[in-house]
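Going by my numbering, the sequence shown opens with residue 2, and the numbers climb by one from there.
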Amino acid sequence: MATAQNIIDASLARYKDSDEDAWVDDELLAYLNKAVGHAHNVLVRHGSEMAATLTTVTLATGTQEYTLPSDFLAVVQDGVWLDDYNPMEPVPYSQKIYQGSSQATPTRFYLTRDRIGFIPVPSAAATVNEYYYTTPVTLAVGTSMPYDDLLDEPLSTFMSSLAFSRDELDTSLLNETFNTLEKSVLDVVDRRSPLRPVIHKPYGNRME
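Structure, rendered in structure tokens:
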């Protein structure tokens, strides 16, 4: 996988400024992190698996709440389930109060700022799967690029575009830079989607 430094070194901005007179690596890295942040928000907004990861929580009898992963952003739809894939229903925190301390197999979950809780309180040990959207990674120069290098080119283009427009007062250029990255990200999302349009083969002079 490419590192952030690889992306900076191969970028159009560095090609135009090989002596780092206009943009040092730290400045380009800041633009690259801005690119990652925007791309990640696009992925989450469109429900892409590229922004999600899976973890597990081991439930203990009588323990209702568990710490969320440090990179937790939001739960994917139907993203919390027991071992045999029984999706749990998301409910507001207030249901914890209504339910009380009765114990059984959990069927619902709620979220607080940094914890996930289960209703009813678990009555036995079990494994719960959590499929969730992560927060965007913050890159250092030696950090591997996210998304399995699938977005390296549009992220690099965004980084260079921000560098080129640093001293521009025309906000339309900045908007165009963000819009271009969003379109590029969505193109990758569409290509990876298993729900693709059916292309019918021709039969004679007809399309079937």
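Note that CB positions come from ideal geometry on N, CA and C, so glycine has one too.
Considering only their Cβ atoms, is the gap separating residue j from residue i smaller than 8 Å?
| i | j | result |
| --- | --- | --- |
| V142 | Q6 | yes |
| R116 | T62 | no |
| F159 | L182 | yes |
| A40 | L152 | yes |
| I9 | M146 | no |
| A3 | D150 | yes |
| T59 | A105 | no |
| Y77 | A53 | The residue you asked about is not Tyr; residue 77 is Val in the sequence shown. Against a cut-off of 8 Å, the Cβ pair of A53 and V77 comes out as a contact. |
| T103 | P123 | Here residue 103 is Ser; the residue named in the question, Thr, does not match the sequence. The answer is no: Cβ separation not under 8 Å. |
With DSSP as the reference, please indicate the residues paired to residue i in a beta bridge.
| i | result |
| --- | --- |
| A105 | P123 |
| F110 | P91 and F119 |
| F73 | T135 |
| T59 | T128 |
Under the three-state reduction of DSSP, which class applies to residue i: helix, strand or coil?
| i | result |
| --- | --- |
| S145 | strand |
| V189 | helix |
| Q96 | helix |
| G80 | strand |
| L140 | coil |
| T54 | strand |
| T64 | coil |
Could you give the C-beta distance for residue i and residue j, rounded to a whole number, given that I count them as a contact under 8 Å?
| i | j | result |
| --- | --- | --- |
| L140 | L30 | 7 Å |
| Q65 | G118 | 5 Å |
| D84 | T128 | 5 Å |
| L156 | L13 | Rounded, the Cβ-Cβ distance is 12 Å, inconsistent with contact. |
Taking one C-beta from the segment 108-128 and one from the segment 78-98 each time, how about it: are there three or more such pairs within less than 8 Å? yes
Meets three-Cβ-pair contact criterion under 8 Å: the segment 186-194 and the segment 39-51: yes
So does the segment 124-135 actually touch the segment 156-176, counting three or more Cβ pairs closer than 8 Å? no
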